[in-house]
Amino acid sequence: MNTAMTSGAALLFLPFAVPIALWAAWSDLSRMKIPNKAVMALIIVFAVIGLFAFELQEYLWRWVHLVVIMVIGFVMNLARMLGAGDAKFAAAMAPLIALPDAMLLLMILAVMTVAGFILHRVARNISWVRAAAPGWESWTRRDYPMGLSLGATLITYLVIAAMAGA
């Protein structure tokens, strides 16, 4: 599967983005919140690594991705379609995504959301799983911890892009 993101750029981002994506997922599962520090960390990763990954013009245009997704996320949050942390994390992810890959990313997000929702709902009904993560807020809340799907989506996208050049 080819992506517009170069494999070299994806490989530069992967070691930094993966721990942040896992942190966001873990935090959303356990506390139903994605920390602002995780959002800022991902933005800082793009700000620094992006300078090495892209030519200046593309680097600057990718900041527009963040603004556009933040506005869309803000509106979706106002409509109670997703949480504020989800909107902020999606906006922080946006500069790492090549615009021509938007449909690919939406497909990955759709798969990760359906799979994550099903796995989360099954897992929270298994006693030994709940015992392994006692006190996780997502076990008792009606809402779904979207950080799980967002984190998995970012990791999957970057892995696919990295492998496209292999």
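Plus 8 on top of the position in the sequence shown (first one is 1) and you've got the working numbering. Even for Gly, the Cβ is constructed at its ideal location relative to N, Cα and C.
query: Have a look at 120, 142 and 61 and flag the residue whose alpha-carbon is nearest the alpha-carbon of residue 164.; result: 120
query: Count the other CB atoms within 10 Å of the CB of residue 136; is the residue buried (16 or more) or exposed (fewer)?; result: exposed
query: How many Å lie between residue 153 and residue 161 at the Cα?; result: 14 Å
query: Just tell me which of 103, 102 and 158 has its CA closest to the CA of residue 118.; result: 158
query: How would you label residue 139, buried or exposed, when you count the other beta carbons within 10 angstroms and need 16 or more for buried?; result: exposed
query: What number of angstroms, rounded off, separates the C-alpha of residue 111 from the C-alpha of residue 167?; result: 16 Å
query: Assuming residue 106 and residue 77 make a contact with CB atoms under 8 Å, what is their CB distance in whole Å?; result: Not quite, the Cβ-Cβ distance comes to about 14 Å (not below 8 Å), so this is no contact.
query: Check this for me: beta carbons of residue 176 and residue 104, under 7 Å apart or not?; result: A question about residue 176 goes unanswered here, because the residues of the chain that appear run from 9 up to 174.
query: Specify the secondary structure class of residue 96 as computed by DSSP and reduced to three states.; result: helix
query: Scan the stretch 80-168 and note each continuous alpha helix (DSSP H) run of 4 residues or more that stays entirely inside, going in chain order.; result: 92-101, 110-131 and 135-140
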